[in-house]
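Chemist: As given, the protein sequences belong to chains A and B, one line each in that order. Going by our numbering, the first sequence opens with residue 74, and the numbers climb by one from there. Going by our numbering, the second sequence opens with residue 74, and the numbers climb by one from there. Virtual Cβ for every residue (Gly too), placed ideally from N, Cα, C. Quick one: the structure is below, and I'll ask about it shortly.
Protein chains: 2
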Amino acid sequence: MVNKKDDTTEQRILAAAKKIFLLKGLDGARMQDIADEAGINKAMLHYYFRSKDKLFETIFEEVATHFLPRITEIFESDKSLFRKIEAFCEVYIDQVKQMPYLPFFVLYEANKQPEILVKKMFGAKKPPVQLFVKQVEEEIKKGIIKPIHPLQLFLNMLSMCIFPFMAKPMFEQAVGISKKQFDAMIDERKKLVPEFIIASIKK
Amino acid sequence: MVNKKDDTTEQRILAAAKKIFLLKGLDGARMQDIADEAGINKAMLHYYFRSKDKLFETIFEEVATHFLPRITEIFESDKSLFRKIEAFCEVYIDQVKQMPYLPFFVLYEANKQPEILVKKMFGAKKPPVQLFVKQVEEEIKKGIIKPIHPLQLFLNMLSMCIFPFMAKPMFEQAVGISKKQFDAMIDERKKLVPEFIIASIKK
DNA sequence: GTCTATATTCCGATAGAC
DNA sequence: GTCTATCGGAATATAGAC
Numbered sequence: 074m075v076n077k078k079d080d081t082t083e084q085r086i087l088a089a090a091k092k093i094f095l096l097k098g099l100d101g102a103r104m105q106d107i108a109d110e111a112g113i114n115k116a117m118l119h120y121y122f123r124s125k126d127k128l129f130e131t132i133f134e135e136v137a138t139h140f141l142p143r144i145t146e147i148f149e150s151d152k153s154l155f156r157k158i159e160a161f162c163e164v165y166i167d168q169v170k171q172m173p174y175l176p177f178f179v180l181y182e183a184n185k186q187p188e189i190l191v192k193k194m195f196g197a198k199k200p201p202v203q204l205f206v207k208q209v210e211e212e213i214k215k216g217i218i219k220p221i222h223p224l225q226l227f228l229n230m231l232s233m234c235i236f237p238f239m240a241k242p243m244f245e246q247a248v249g250i251s252k253k254q255f256d257a258m259i260d261e262r263k264k265l266v267p268e269f270i271i272a273s274i275k276k
Numbered sequence: 074m075v076n077k078k079d080d081t082t083e084q085r086i087l088a089a090a091k092k093i094f095l096l097k098g099l100d101g102a103r104m105q106d107i108a109d110e111a112g113i114n115k116a117m118l119h120y121y122f123r124s125k126d127k128l129f130e131t132i133f134e135e136v137a138t139h140f141l142p143r144i145t146e147i148f149e150s151d152k153s154l155f156r157k158i159e160a161f162c163e164v165y166i167d168q169v170k171q172m173p174y175l176p177f178f179v180l181y182e183a184n185k186q187p188e189i190l191v192k193k194m195f196g197a198k199k200p201p202v203q204l205f206v207k208q209v210e211e212e213i214k215k216g217i218i219k220p221i222h223p224l225q226l227f228l229n230m231l232s233m234c235i236f237p238f239m240a241k242p243m244f245e246q247a248v249g250i251s252k253k254q255f256d257a258m259i260d261e262r263k264k265l266v267p268e269f270i271i272a273s274i275k276k
């Protein structure tokens with residue numbers, strides 16, 4: 074249970090809903106689970122947020138936009154490409170580590186209803202991927218890195234940062250390592266992934 | 074609706090259930106959806122497969138073990154490491170392209186009930202990752218590739234092959250490209266990913 | 001605002017006719 | 001084997017007392 078004493082009821086509900094929705098998804102989560110987690114009655118959920126769907130939307134928006142600010146910050150800085158790649162991987166892996174179910178949650182729900190939810194996410198401010206693309210193109214021209222489709226590079230970077238969290242249970246079983254060993258691997262990746270990328274594109 | 078005329082009822086149910094479960098997951102799928110998709114009555118689902126859970130298990134096992142044989146084949150071949158990496162990416166991306174929701178489905182359900190489902194998947198034959206690990210270690214000793222944790226290399230390869238399919242709707246929205254453009258990117262990746270990997274580890 | 005009790009809806013599962 | 005009709009339970013949502 075989350076903060077039974079402190080905070081307002083509304084805050085407790087939001088914290089509880091976030092936890093349960095992240096873990097179980099919209100369909101899997103029960104209003105009772107959320108009420109229990111918040112230490113209040115089921116009816117209160119409807120009092121504060123009209124319906125399950127409304128509550129879910131609130132959580133989704135908050136959580137889906139969670140990363141954007143810090144990513145934007147990195148992309149808009151005046152760092153060199155290599156330093157940006159290092160910063161991106163470090164920040165991203167660190168953040169997801171604190172909410173390992175977040176990628177699944179966001180991508181799963183985005184898959185089920187692409188139109189609505191995804192647009193809500195990027196409604197105001199799209200992530201400044203264009204800045205990254207431009208910078209890659211420039212460095213290619215300058216002869217600092219080998220030619221590569223900038224979006225493919227971006228996709229490679231994203232993949233290697235996020236996917237391991239999603240594949241964790243399967244991977245542990247498939248290759249026969251413990252949770253501890255896997256977590257150690259994840260920590261290593263904050264340095265390893267940028268090295269791997271830079272080694273590949275550096276001239 | 075799938076093959077209303079041909080095939081037996083059981084086959085139609087299996088095809089329909091696969092489609093619906095892959096798209097919506099266990100919780101999200103409705104027996105009514107599956108019945109509609111198969112062009113039969115809800116009661117028939119229970120006649121052929123006792124319960125929703127039983128039907129789901131049938132689908133999960135079939136679908137989860139779909140990749141193992143071809144992957145095993147590649148790993149057990151006597152190809153060089155670079156050729157194996159190329160073959161793996163090519164086969165994997167090609168296969169997933171035909172069932173783009175499969176990775177999500179498998180990993181999502183594996184996350185919700187790791188113990189049961191994951192073990193069912195690898196019950197008989199685990200994927201021969203050890204062969205890959207050995208070969209990487211040998212090539213490092215021989216000085217053909219740079220030192221790298223073999224499992225990290227494997228995880229990088231998996232990530233770049235699978236993740237793009239899971240992120241598709243989000244990625245398209247975020248960077249503002251069409252489905253067609255994205256599909257073209259995916260096709261490119263069959264060559265690009267192995268090149269990217271080999272460029273990174275080659276001495 | 002918060003609770004208990006209850007209404008309502010939805011869905012998996014079954015009974016029984018054909 | 002296939003259907004219609006219905007049951008029973010679970011989950012969302014509401015009414016109403018405090």
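What is the residue span of the alpha helix (DSSP H) that Y174/B lies within?
Modeler: That residue, Y174/B, is in no alpha helix (DSSP H); it is neither H nor E in DSSP.
Chemist: Using DSSP's beta-bridge definition, name the partner residues of K275/B.
Modeler: Answer by DSSP bridge pairing, in chain order: I218/B.
Chemist: Show which residues of chain B have a CB atom less than 9 Å away from the CB atom of G98/A.
Modeler: G98, D100, G101, Y181 and K185
Chemist: Write down the C-beta distance between L180/A and M233/B rounded to the nearest angstrom, noting that I regard them as a contact closer than 8 Å.
Modeler: Not confirmed; about 16 Å, so no contact.
Chemist: Taking DSSP as the reference, what is the three-state secondary structure of A247/A?
Modeler: helix
Chemist: Would you mind telling me which residues of chain B sit closer than 7 Å to F269/A, beta carbon to beta carbon, in chain order?
Modeler: N229 and S273
Chemist: Secondary structure at T131/A, three-state DSSP: helix, strand or coil?
Modeler: helix
Chemist: Please go through the same chain and pick out, in chain order, the residues whose beta-carbon is closer than 8 Å to the beta-carbon of K157/A, but skip the five residues on each side of it.
Modeler: I147, F148, S150, F205 and Q208
Chemist: In three-state terms, what does DSSP make of R156/B?
Modeler: R156/B: helix per DSSP, three-state reduction.
Chemist: Name, please, each residue of chain B whose Cβ falls closer than 9 Å to the Cβ of R156/A.
Modeler: Under the 9 Å cutoff, chain B gives no residues; its nearest Cβ is about 18 Å from R156/A.
Chemist: To the nearest angstrom, report how far apart V266/A and M258/A are at their CA atoms.
Modeler: 11 Å
Chemist: Chain B partners of K91/A, CB-CB under 7 Å?
Modeler: Simply none; closest approach about 17 Å.
Chemist: Could you have a look at S150/B and say whether DSSP puts it in helix, strand or coil?
Modeler: coil
Chemist: Classify A116/A: buried if its beta carbon has 16 or more other beta carbons within 10 angstroms, exposed otherwise.
Modeler: exposed
Chemist: Rounded to whole angstroms, what's the CA-CA distance from V169/A to F238/A? Just pull it up for me.
Modeler: 8 Å
Chemist: Under a CB-based cut-off of 8 Å, is P220/B close to chain A?
Modeler: no
Chemist: Between F177/A and N184/B, how many whole angstroms is the CB-CB distance? I'm expecting something under 8 Å.
Modeler: 6 Å
Chemist: Report the neighbours of E261/B on chain A: residues whose CB is nearer than 8 Å to its CB, in chain order.
Modeler: H222 and Q225
Chemist: Three-state secondary structure (DSSP) at D109/A?
Modeler: Three-state DSSP puts D109/A in a helix.
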